[in-house]
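*Asks:* For the sequence shown, my numbering assigns the number 309 to the initial residue and increments by one for each residue that follows.
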Amino acid sequence: MDPFTQSRELLYFLAAHTGQEAVRYIREEMRQAAPGRIPTAWELRSYFQFPDRPTALTAWQQILAVDKLLEYAEINLRTLCDLLRYRQLKGFGVVHSVDEFTALCHPHAKESEE
Numbered sequence: 309m310d311p312f313t314q315s316r317e318l319l320y321f322l323a324a325h326t327g328q329e330a331v332r333y334i335r336e337e338m339r340q341a342a343p344g345r346i347p348t349a350w351e352l353r354s355y356f357q358f359p360d361r362p363t364a365l366t367a368w369q370q371i372l373a374v375d376k377l378l379e380y381a382e383i384n385l386r387t388l389c390d391l392l393r394y395r396q397l398k399g400f401g402v403v404h405s406v407d408e409f410t411a412l413c414h415p416h417a418k419e420s421e422e
């Protein structure tokens, strides 16, 4: 298999996996936030792909699903930014471990754990 096809297949796999992970996160958060019927994974994916089409989700479920999707995106973006910062600071010799990075960039993180 040529490298381009391999890379494309890897991207498709990663996209499918992250999509499933996001839906699992959203369903779990909805379960905790709103008792009652939780939309199926298929219903959520369908709603996110075609938000203007009729859906089985109630208005409240739609609001909650979008809110949890945005929350999930915020978490992932923050993690990505921290990974990039850590790589850069480690490359310049400013930090040598994740603990040093956390103490430097998130000094209040230790306090919130206690």
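The beta carbon of each residue, even a glycine, is placed where N, CA and C say it ideally should be.
Taking 7 angstroms as the limit between beta carbons, can you name the residues of its chain near F409, skipping five residues before and five after?
*Replies:* Y394, L397, V403.
*Asks:* Going by C-alpha distance, which of E379, F358, A367 is nearest I346?
*Replies:* When each option's Cα is compared against that of I346, the closest is A367.
*Asks:* Does DSSP put L364 in a helix, in a strand, or in coil?
*Replies:* The sequence given here has Ala at residue 364, not Leu. A364: coil per DSSP, three-state reduction.
*Asks:* Would L365 and E379 qualify as a contact pair, given that the criterion is a beta-carbon distance under 8 angstroms?
*Replies:* Contact: no.
*Asks:* To the nearest angstrom, how far is it from the Cα of Y320 to the Cα of F358?
*Replies:* When rounded, the distance between both Cα atoms is 20 angstroms.
*Asks:* Starting from M309, follow the alpha helix (DSSP H) in both directions and report where the run begins and ends.
*Replies:* Unbroken run through M309: none, as it is neither H nor E.
*Asks:* Report the three-state DSSP secondary structure of F409 (helix, strand or coil).
*Replies:* Note: F409 maps to helix in three-state DSSP.
*Asks:* Are there 16 or more other CB atoms within 10 angstroms of the CB of I383, so buried, or fewer, so exposed?
*Replies:* I383 is exposed by the Cβ-count criterion.
*Asks:* What's the call for I371, buried or exposed, on a 16-neighbour Cβ count within 10 Å?
*Replies:* Exposed.
*Asks:* Return the Cβ separation of I334 and A373 in integer angstroms, given the expectation that the two are a contact with Cβ distance under 8 angstroms.
*Replies:* Contact flag correct, Cβ pair sits at about 6 angstroms.
*Asks:* Using the Cβ count rule (16 or more neighbours within 10 Å means buried), how would you classify V406?
*Replies:* When all chains shown are included, V406 counts as exposed.
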